[in-house]
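Only one structure is covered here, and it is reproduced in the block below.
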Ligand code: ADP
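Numbering (this note's numbering), first residue to last: -5 to 658.
Laid out in structure tokens, this is it:
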């Protein structure tokens, strides 16, 4: 086994490779760009080398710097991960030319599969079924148009150098062919520097089923079942599962054997994936081969009980495959959901920002979270906005799917819009539960997958108001604890005098909602829209233990940039605390700080009405018990009105001034 390897990648896949390397006693070297100085993969690796500026072209795609990093650290082998240089034959060659083992196939195998049309020509010779199409070299527009007519519309134009769904256009009839060809070529040129096209029959609602293959240097090749990756957006995968539902063992075997033949046709070595389209009649067609470890490899690991990264390292060291085909046993069912910082409602637009809060479901033998970020990390526009891969396993598809839905509700991310609710909708959509999958799933079920969760505000808002109150009270106590000599620490005194009814105005779903909370012993009587609910709760850290009429729930409560989020097991409730004036008990952020701690006299006002103050700004001086006390702002805000003037006597608990919080 190697002593040390370099991982020429970033994020979750680097962390994933480190995990196995560490288990095998192999030291790891990470690389990083300016954007990743404090990234998780850098922190987890034994060593890390800086390779350049944030844009990938200046760092993660710089072969020369990666090779220098490997030389400087004494790594013996280079793992490319996926993406970046993983399918770049020149990179694989540069590794071997410089004396490093490339943990992947030969540069020749990568080259052969790198062009979709070359790959198809090779597969045709190996008698692997292909989608009817044109894969010849001539790129004359008239030639392509004739090919499309011969194949029969609809057809799919694909960039031969394509990947990630780019440079692809569906053409429904000849009138739109030329325009589609132009735009596909433009996109292909921009993405891959190569605008060559192939034409294929566009299949109606096929499934994307791919087979994991593994080959060693001794000529042994096996397949490790298949993955169904039909559920996609913009031709990119969203949820993958293994094994594929409704696939009988005969078909599984036939696809597996075809995949192995495909790998052997190019003398493959290491982990690879042969992608097929499966049409509605059960006929399968070769689409392409990915000459690397796939994003979705964990679902295969969970149903086979194998560690594919370990296999990669062993094969790269020259060891034979550890298991033979007969000994590959499938057990249970696994799903992977890709959690992205992206906005499904806005055409899945990637979202950049700081992940202010991250709470993943607890990992167990059923739940695995592969991630490359932790709370406080930034999702930048330079790279893929993947937050994590949530992978679940159970004995049956039904149970695994239940776990997926449950785990998605336990995945809580603050600071960015994510696709978590969208994935939840997918996982709980009846056609998905029934396993009726196709690459058109999202388009065919827009009403099911693009809906917002139906919120029961009559249940959620009283709890939200209680969470906010407990949060405010805790903040007050923290401020008091910071200054132990201050009379403000006498929480009980002002509490006694504070009105028992706390009114909160919460803005939720673009509307203001007034909730009254009255503390009675340990409980709160909440009144919202004339309906009364009894609540109890305690807030520790981010966790709110909530009891509502005997129903207990563990929730998470966080302050966000634009308000608050209370995560119930059934989903998130986002709201802001607003400043609607509701009489003498009008709630404010930090309100309690602006009340008189005890009976006394106002001595001096230190700011004027209209002035903007920062947390800590002295606002007024009061005298109580023969001592002077300065009332300070706790939040940024504008002074609206003083309720007392110098010389006025005030009762403990009285509100001294109104401060409009800038955040509210
Ligand atoms: P890329 O390499 O860009 O990911 P692929 O060739 O792997 O492109 O295809 C990506 C997706 O496009 C497939 O998973 C499938 O959903 C769709 N697709 C590809 N070829 C066809 C086809 N001939 N008919 C229908 N859908 C197709």
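Here a beta-carbon is modelled for each residue, glycine too, at the ideal position from N, C-alpha and C.
Member of 509, 217, 382, 614 whose CA lies at the smallest distance from the CA of residue 453: 509
Are the region 181 to 190 and the region 161 to 171 touching, with three or more C-beta to C-beta distances below 8 Å? yes
Could you tell me the boundaries of the alpha helix (DSSP H) in which residue 588 lies? No alpha helix (DSSP H) holds residue 588; DSSP gives it neither H nor E.
Give the secondary structure of residue 54 by DSSP, where H, G and I count as helix, E and B as strand, and everything else as coil. coil
Over the uninterrupted alpha helix (DSSP H) stretch that includes residue 121, give me the two end residues. Premise fails: residue 121 is in no alpha helix (DSSP H) and is neither H nor E.
Roughly how many angstroms separate the alpha carbons of residue 11 and residue 528, rounded to a whole number? 51 Å
According to DSSP, what are the bridge partners of residue 207? 217, 266
Under three-state DSSP, which class holds residue 162? strand
If you follow the alpha helix (DSSP H) that residue 35 is part of, which residue opens it and which one closes it? 34 to 38
For the region 38 to 52 and the region 373 to 380, state whether three or more C-beta atom pairs, one from each stretch, are separated by less than 8 Å. yes
Mapping the DSSP letters down to three states, classify residue 469 as helix, strand or coil. helix
Which runs of the beta strand (DSSP E) at least 3 residues long sit entirely within the region 276 to 333? Give them in chain order. 278 to 284
Going by DSSP in three states, residue 603 sits in which element: helix, strand or coil? coil
Assign residue 629 to one of three DSSP states: helix, strand, or coil. coil
Using a Cβ-Cβ cutoff of less than 7 Å, which residues in the same chain neighbour residue 7 once the five nearest sequence positions on both sides are dropped? 75, 76
Confirm the yes/no value for this check: CB of residue 149, any heavy atom of the ligand ADP, distance under 6 Å. no
Suppose you measure from the CA of residue 289 to the CA of residue 413; what does that come to, to the nearest Å? 17 Å
Starting from residue 598, follow its DSSP beta bridges and name the residues at the other end. 615
Could you check whether residue 398 and residue 342 sit closer than 7 Å to each other, using their CB atoms as the reference points? no
Tell me where the alpha helix (DSSP H) around residue 181 begins and ends. 171 to 186
For residue 574, three-class secondary structure by DSSP: At residue 574, the pLDDT of 46 sits below 50, so the modelled position is not reliable; the number obtained from the coordinates is stated separately. DSSP places residue 574 in coil when its eight states are reduced to three.
Mapping DSSP to helix, strand and coil, what is residue 635? strand
If we count the other Cβ atoms within 10 Å of its Cβ and call it buried at 16 or more, is residue 458 buried or exposed? buried
Residue 18 (DSSP reduced to helix, strand or coil): coil
Report buried or exposed for residue 100, applying the criterion of at least 16 other Cβ atoms within 10 angstroms of its Cβ. buried
Segment contact, 8 Å Cβ cut-off, at least three pairs: the region 555 to 571 with the region 494 to 505: yes
Using 8 Å as the Cβ pair cut-off and three pairs as the minimum, do the region 189 to 200 and the region 141 to 154 touch? yes
Proximity test, residue 281 beta-carbon vs the ligand ADP heavy atom, cut-off 6 Å: yes
Taking the alpha-carbon positions, what's the residue 167 to residue 227 distance? 23 Å
Going by other Cβ atoms of all chains shown within 10 Å of its Cβ, with 16 needed for buried, is residue 635 buried or exposed? exposed
Following a CB-centred definition, is residue 159 positioned closer than 6 Å to any heavy atom of the ligand HEM? This structure lacks the ligand HEM; its bound ligands are the ligand ADP.
Proximity below 7 Å, CB of residue 506 to CB of residue 554: no
Would you tell me roughly how many angstroms separate the C-alpha atoms of residue 662 and residue 531, rounded to the nearest one? Because the chain in this structure spans residues -5 to 658, residue 662 falls outside the shown range and cannot be described.
Taking the runs of the beta strand (DSSP E) that are 3 residues or longer, which of them lie wholly in the region 480 to 561? 495 to 502, 505 to 514, 517 to 522, 525 to 534, 537 to 542, 545 to 554
Is the beta carbon of residue 128 within less than 6 Å of some heavy atom of the ligand ADP? no
Taking the alpha helix (DSSP H) that residue 236 belongs to, which residues open and close that run? Taken as a continuous stretch (DSSP letters only), residue 236 belongs to no alpha helix (DSSP H), being part of the beta strand (DSSP E) at 230 to 236.
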